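*Asks:* Sharing a structure with you now.
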Amino acid sequence: MIDPRWLRQFAAVAHTGNITRAAEQLHLAQPAVTMTIKKLEHQLGLTLFERRQGRLHLTTEGERLHEHAERILGALALAEQDMTALHDLNAGEVTIGIPSMLGTFYFPPLLMAFKHRYAGLNIVVEEAGTQSLQAKLLTGRLGLGIALTADLPAGLCSQPLLREEMVAVVAKDHPFARRQRLALDDFLQEELALFHHGFHHREYIDDMARQRNIRPRIGFESNLIPLLKAVVRQGFAVTSFLRMAVENDDDLVPISFETPYFLDLCLAWPAERQLSRAEQAFIDFMREQPAHLYSQGEDSL
1 MIDPRWLRQF AAVAHTGNIT RAAEQLHLAQ PAVTMTIKKL EHQLGLTLFE
51 RRQGRLHLTT EGERLHEHAE RILGALALAE QDMTALHDLN AGEVTIGIPS
101 MLGTFYFPPL LMAFKHRYAG LNIVVEEAGT QSLQAKLLTG RLGLGIALTA
151 DLPAGLCSQP LLREEMVAVV AKDHPFARRQ RLALDDFLQE ELALFHHGFH
201 HREYIDDMAR QRNIRPRIGF ESNLIPLLKA VVRQGFAVTS FLRMAVENDD
251 DLVPISFETP YFLDLCLAWP AERQLSRAEQ AFIDFMREQP AHLYSQGEDS
301 L
């Protein structure tokens, strides 16, 4: 039987690529972590890491174990949260996976209101793209997360949140700024500032470019919204955001695409895992929110 403590140390080394940094994160001595990895490899009869260019990389066998380790450690963390909440719903924590745009422009007042209701409950926000969050939900590494309603697999339950338009964003002095609508082909011909893969905005744009046999010129890649805004503001590129992300930016212009594109977003959780009391409380809280949150547009692709 594999000791969960060994898995925790193994996962930290896999994440950092360095035993010393992993030991520092875990507040352990470096020799202790080194010994744990050796014991784990000996017990399994497998080589889990290989060193390349001064960094530890997972072997094929190590990657398989890492997938299991993340599921196991995630399940243990959720179990600990649930047991704490059984004593007192104003204790413990709830973890929610949220994409950066929603985390910046939509969720702050909701999270503060939830925190006001359950003052002793810790709220942990895990930032990632909707595709990455969906994968973590399906593998049990995350209890609650934001997902796209249209792509929701059978293994997840959901609560609708909102519909929001995905728009092109340009500087106010850009030639496109005077347009009411923008053809996707014209957008794809510009130099682009985009999120990394794992975010629906990026995958959608890449997919549209492939369908049109256009090779997009991606000048900047970042998940930092202020950086992408700065790049667009200075005229180096154009980008695509949810409309809510630029409503208060006077120097940036949102433009609907010729065929308006709306995203239906929901709060999702694994169907086969029993919710903790804290998670159920958050879902119930979101169900109380006003229905007008869903009425941002009528057409959806």
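The numbers in the UniProt record's numbering rise by one with no breaks, and the one at position 103 of the sequence shown is 103.
For each residue, glycine too, the CB sits at the ideal point set by N, CA and C.
As the structure is a prediction and not an experimental result, all values here were calculated from the model.
L267 and L144 look like a contact to me (Cβ under 8 Å); what is the Cβ gap, rounded to whole Å?
*Replies:* Contact annotation, L267 with L144: C-beta distance approximately 6 Å; criterion of less than 8 Å satisfied.
*Asks:* Ordered along the chain, which non-local residues of its own chain (more than five positions away) have a Cβ less than 8 Å from that of D185?
*Replies:* R212, I214
*Asks:* Where DSSP assigns a beta bridge to S158, which residues make up the other side?
*Replies:* A268
*Asks:* If the criterion is Cβ atoms closer than 7 Å, does the pair residue 382 and G74 meet it?
*Replies:* The requested residue 382 is not part of the displayed model; the chain covers only 1 to 301.
*Asks:* Leaving out five residues before and five after R243 in sequence, what residues of the same chain have Cβ atoms less than 7 Å from its Cβ?
*Replies:* For R243, where only same-chain residues beyond five positions count, the Cβ hits under 7 Å are E164, E165, V167, P254.
*Asks:* Could you give the DSSP three-state label for G219: helix, strand or coil?
*Replies:* strand
*Asks:* Since I believe M101 is in contact with A245 (beta carbons under 8 Å), could you give me their beta-carbon distance rounded to a whole number of angstroms?
*Replies:* About 5 Å separates the two Cβ atoms, so the contact holds.
*Asks:* Identify whether Y106 lies in helix, strand or coil by the three-state DSSP scheme.
*Replies:* DSSP places Y106 in coil when its eight states are reduced to three.
*Asks:* Within its chain, find whatever has a CB closer than 8 Å to the CB of V13; leave out the 5 residues flanking it on each side and keep chain order.
*Replies:* Within the same chain, V13 has close Cβ partners I19, A22, V33, I37, F49, L56.
*Asks:* Rounded to the nearest angstrom, what separates G92 and K115 at their Cα positions?
*Replies:* C-alpha separation (whole angstroms): 12 Å.
*Asks:* Among the candidates L46, A69, R71, whose CA atom is the shortest distance from the CA of T60?
*Replies:* L46
*Asks:* Answer with buried or exposed for S295, where buried requires no fewer than 16 other C-beta atoms within 10 angstroms of its C-beta.
*Replies:* Per-residue confidence for S295 stands at a pLDDT of 39, beneath the threshold of 50, marking its modelled position as unreliable; the derived number appears in the next sentence. Exposed, because fewer than 16 other Cβ atoms sit within 10 Å of the Cβ of S295.
*Asks:* Taking the alpha-carbon positions, what's the T16 to E258 distance?
*Replies:* 44 Å
*Asks:* Three or more C-beta pairs closer than 8 Å, one from the stretch 168-175 and one from the stretch 221-236: is that the case here?
*Replies:* yes
*Asks:* Just to confirm, are L228 and T239 a CB contact at a threshold of 7 Å?
*Replies:* For L228 and T239, yes; Cβs fall inside 7 Å.
*Asks:* List the DSSP bridge partners of residue 332.
*Replies:* An answer regarding residue 332 cannot be provided, because it is not within the stretch 1 to 301 covered by the chain.
*Asks:* Going along the chain, which residues of its own chain have a beta-carbon closer than 6 Å to the beta-carbon of F195, five neighbours each way excluded?
*Replies:* Short of 6 Å from the beta carbon of F195, and not among the five residues preceding or following it, lie these beta carbons of its own chain, in chain order: H201, R202, N223.
*Asks:* Tell me the residue span of the beta strand (DSSP E) that contains P254.
*Replies:* 252-257
*Asks:* Determine the DSSP secondary structure at E61, reduced to helix, strand or coil.
*Replies:* Note: E61 maps to helix in three-state DSSP.
*Asks:* For my contact list, L161 and L137 are in at a C-beta cut-off of 8 Å; report their separation, rounded to the angstrom.
*Replies:* 15 Å between Cβ atoms; not a contact.
*Asks:* In chain order, what residues of the same chain lie with their CB nearer than 7 Å to the CB of I218, ignoring the 5 residues before and after it?
*Replies:* So the qualifying residues of the chain are L192, L194.
*Asks:* State the Cα-Cα distance for the pair A119 and G97, rounded to the nearest angstrom.
*Replies:* Going from the Cα of A119 to the Cα of G97 covers about 20 Å.
*Asks:* Leaving out the 5 sequence neighbours to the left and right, which residues in its chain are closer than 7 Å to G103 when beta-carbon positions are compared?
*Replies:* V125, E127
*Asks:* Just confirm the distance between the C-beta atoms of L94 and L76, as a whole number of angstroms; I'd bet it's less than 8 Å.
*Replies:* It is worth fixing the name first, because residue 94 is Val in this sequence and not Leu. Actually they are not in contact, since the Cβ atoms of V94 and L76 sit about 16 Å apart, beyond 8 Å.
*Asks:* Given this structure, state the Cα-to-Cα distance separating E288 from Q159, to the nearest angstrom.
*Replies:* 11 Å
*Asks:* Measuring alpha carbon to alpha carbon, tell me which of L148, Y106, A154 ends up nearest Y204.
*Replies:* L148
*Asks:* Is the CB-CB distance between L26 and I72 below 7 Å?
*Replies:* Not closer than 7 Å, so no.
*Asks:* For H66 versus L58, is the C-beta distance shorter than 7 Å?
*Replies:* For H66 and L58, yes; Cβs fall inside 7 Å.
*Asks:* What are the boundary residues of the alpha helix (DSSP H) that includes F195?
*Replies:* Per DSSP, F195 belongs to no alpha helix (DSSP H) and is neither H nor E.
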